[in-house]
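When the count follows the UniProt record's numbering, it moves up by one through the sequence shown with no breaks and lands on 459 for the last residue.
The beta-carbon is built from N, C-alpha and C at its ideal position, and this holds for glycine as well.
Only a predicted model underlies this, so the values are computations on that prediction, with no experimental measurement involved.
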Amino acid sequence: MLQTKNQWNSFHIKQCKQKLGQAVLSDGHPLFLFEEDFGKLLHSTPAALCEPKTTEELQALIHYADEHQLPVTIRGNGLSQSGQSLAVPGGLVLSMQYFNHTSEADADSIWVEANASWASLLESSLKKSMVPYVVPHNCNLSIGGVLSAGGIGSASFKYGSVIAHVNALEVVQANGELVSLKKQMPLMEACLGGQGRFGLITKACIALRPCLKNVRTFFLLYADKNKWLEDLLLCQTKADHIESFCTPAIQGAKLSEKGRFPFAQWFYALHVSREYDNEPPDFKDLGLTPWQLLHTQDETIHSYFHRHDSRFNAMKMTGQWELQHPWYECFIPGILLKDLEQLLAALPLHYATVVHIARVAALAPTGFLQLPKGEDVFALMILNPGLPNALIPSCLETIKHLDSIFLGQGGKRYLSGYLGDIPDKNYWKKHFEERYDDWVQLKKQYDPHPIFCSLLHHQ
């Protein structure tokens, strides 16, 4: 059991109400809602919950916590899976649900509050035919949550991570002071990909680019992995958005010493999208040679960015949303894809219903998002829609197996998915490598007591 030096108790809860005029909840139904995250693999009951409605209330609460060295866990929508938004024992969950305002877009940027969604940002920016350089696949994620992790999307092959395109932040420091931060400032760099350990992001200024009105997507299928990878590289020069993944076609059940197990023939898919105003692009101009061109689809750019909403809605309607989600997300060097066929064949099909493999531009390092060294970087993701308890052990074994393959060869876990057992100091040393000293020293500098913590980052 994790232990924290100081804990929220009835005295501190009463003090907050008397001194700050803020209601801090310590029992009842509201706390139950914050005991788990989207992964539903870890559980932690917070000692208290606070839902400030103004920046001043945020500052006062953080100042009080710092003064008494009390643990605080920042939470947006709780859509991570490894305890990033779960409180440590005796800790308080600080819900950001009321910080959801989106401003009007400027010429090349837009200010948004931390718990505004990327969908609400797009509603505003598209009025001026502008979009962020990288939009997450799930538009319903919060701004602050994505910035605390790093963020990738369909344009990451060209523009890298979401956090590579943040112009400025407004942050409440651990002492309660509100500060405005610009690029290259140490605290801003620490907060981007910083997992909520260094300060509380209240607002962000996201860089925008011009966009066209419509999107045409070509749905391509490949039977040959090498041809798929060749076309994936080739289409980058002409595409605006790319999604690439491996999909199994189940062929029955093979006999083995342990009984029958399903097996599949794997295929490789490529969704290549280009923006246009009036004249849609011609597939011939891409110069690609897939096994099959399955479909060509035209839609507004607004519709395109919401293309995954139906999947998430289906998860909720069928009850999968309430199941467990041991998602695996890892950045890997491209050289490791040489053994992709063998890797796919070894994956349990109840877990790996689809394996996403997305190219990520290796731009200059931003914040604490860790990528493999070199220019050839991919994100490998298994984002299962939801699994019952009986199937979880085999999925967790698969996660350990994948880590044993990738992490020793330069791979870096994306700190949003499920990481397995709570990582220790040695894990973080290997993850951050030469950045580890910065990870430790910046924490001491900006949160010396330290109050910002979570079940994943409890120190």
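- In the assembly as shown, T102 is a buried residue. Its beta-carbon has 16 or more other beta-carbons within 10 Å.
- Separation of F283 and Q292 (C-alpha to C-alpha, rounded to the nearest whole angstrom) is 12 Å.
- In the DSSP assignment, C330 is bridged to L380 and R413.
- H43 is bridged by DSSP to E36.
- Within 10 angstroms of the beta-carbon of M381 lie 16 or more other beta-carbons, which makes it buried.
- Contact check for V172 against L200 passes: the beta carbons are separated by less than 8 Å.
- Between S80 and the set I206, G144, P333 and L442, the nearest pair of CA atoms involves G144.
- Sequence-distant partners of Q251 (beyond 5 residues in either direction) whose C-beta falls short of 7 Å from its own C-beta, in its chain, are F263, A264 and Q265.
- One alpha carbon belongs to L270, the other to C246, and they sit about 9 Å apart.
- Taking a contact to require three or more Cβ pairs closer than 8 Å, the segment 118-135 and the segment 215-232 do not qualify as touching.
- Proximity of the segment 229-243 to the segment 406-420 falls short of the contact definition, fewer than three beta-carbon pairs being nearer than 8 Å.
- Pairing V354 with A379 gives a Cβ-Cβ distance that is not under 8 Å.
- Between G176 and A105, the alpha-carbon positions lie close to 29 Å from each other.
- Burial is judged here by how many other beta carbons sit within 10 angstroms of a residue's own beta carbon; M317 has fewer than 16 and is exposed.
- Collapsing the DSSP output to three states places Y268 in a strand.
- Excluding sequence positions up to five before and after Q236, its CB lies within less than 6 Å of the CB of F157, all in the same chain and listed in chain order.
- Annotation: the continuous alpha helix (DSSP H) that includes K158 extends over S156 to Y159.
- In this structure, L349 is the residue among L147, L349, L415 and R197 with its C-alpha nearest to the C-alpha of R260.
- In this structure, DSSP gives L347 a state outside helix and strand, which the three-state scheme calls coil.
- In the structure shown, F99 falls within a coil segment according to DSSP collapsed to helix, strand and coil.
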